[in-house]
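Enquirer:
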Amino acid sequence: MRCVVHTSVGSDVFNENFHKKFVRNIQEWFNVDHEVTVWIRTDLRLFRDCSSSPCGYLEVFGFEKLADEAYTRKLHKQISQFISKETSVPEER
Numbered sequence: 009m010r011c012v013v014h015t016s017v018g019s020d021v022f023n024e025n026f027h028k029k030f031v032r033n034i035q036e037w038f039n040v041d042h043e044v045t046v047w048i049r050t051d052l053r054l055f056r057d058c059s060s061s062p063c064g065y066l067e068v069f070g071f072e073k074l075a076d077e078a079y080t081r082k083l084h085k086q087i088s089q090f091i092s093k094e095t096s097v098p099e100e101r
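Under this note's numbering, the letters of the sequence shown match residues 9 to 101, in that order.
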């Protein structure tokens, strides 16, 4: 499974420890026990999202459950909360 998180947060706030925690959380949120590859695209101007969310949008490959829009919104919220907590970037209101 591959996951790409597109974020407006600067690359300077992410470190190796954050990435390891984030991969563990993705495995937990998706309830998978196999390898998950996570890419974090940083410093983006996210006009598409039109919000102040630290997690602008998410792409996941190899996971069928994301066809469920409510599940996707819930996951987006969890990722935004995690990034806000770990980086001190305020979450959107």
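By construction, the Cβ of each residue, glycine as well, lies at the ideal position given by its N, Cα and C atoms. Computed from a prediction, not measured in an experiment: that's the story for all the values here.
Considering just the uninterrupted stretch of the alpha helix (DSSP H) at residue 31, what are its terminal residues?
Expert: Start and end: 24–38.
Enquirer: Please determine, among 37, 20, 43, the residue with the shortest C-alpha to C-alpha distance to residue 88.
Expert: Of 37, 20, 43, the residue nearest in Cα terms is 37.
Enquirer: Name, in chain order, the residues that DSSP records as bridge partners for residue 46.
Expert: According to DSSP, which records beta bridges pairwise, residue 46 is partnered with 11.
Enquirer: Helix or strand or just coil, what does DSSP make of residue 68?
Expert: Here residue 68 sits in strand by DSSP.
Enquirer: Can you tell me whether residue 40 is buried or exposed, with buried defined as 16 or more other CB within 10 angstroms of its CB?
Expert: The residue is exposed, with fewer than 16 neighbouring Cβ atoms inside 10 Å.
Enquirer: What does the alpha-carbon distance come out to for the pair residue 94 and residue 29?
Expert: Rounded to the nearest angstrom, the two C-alpha atoms are 10 Å apart.
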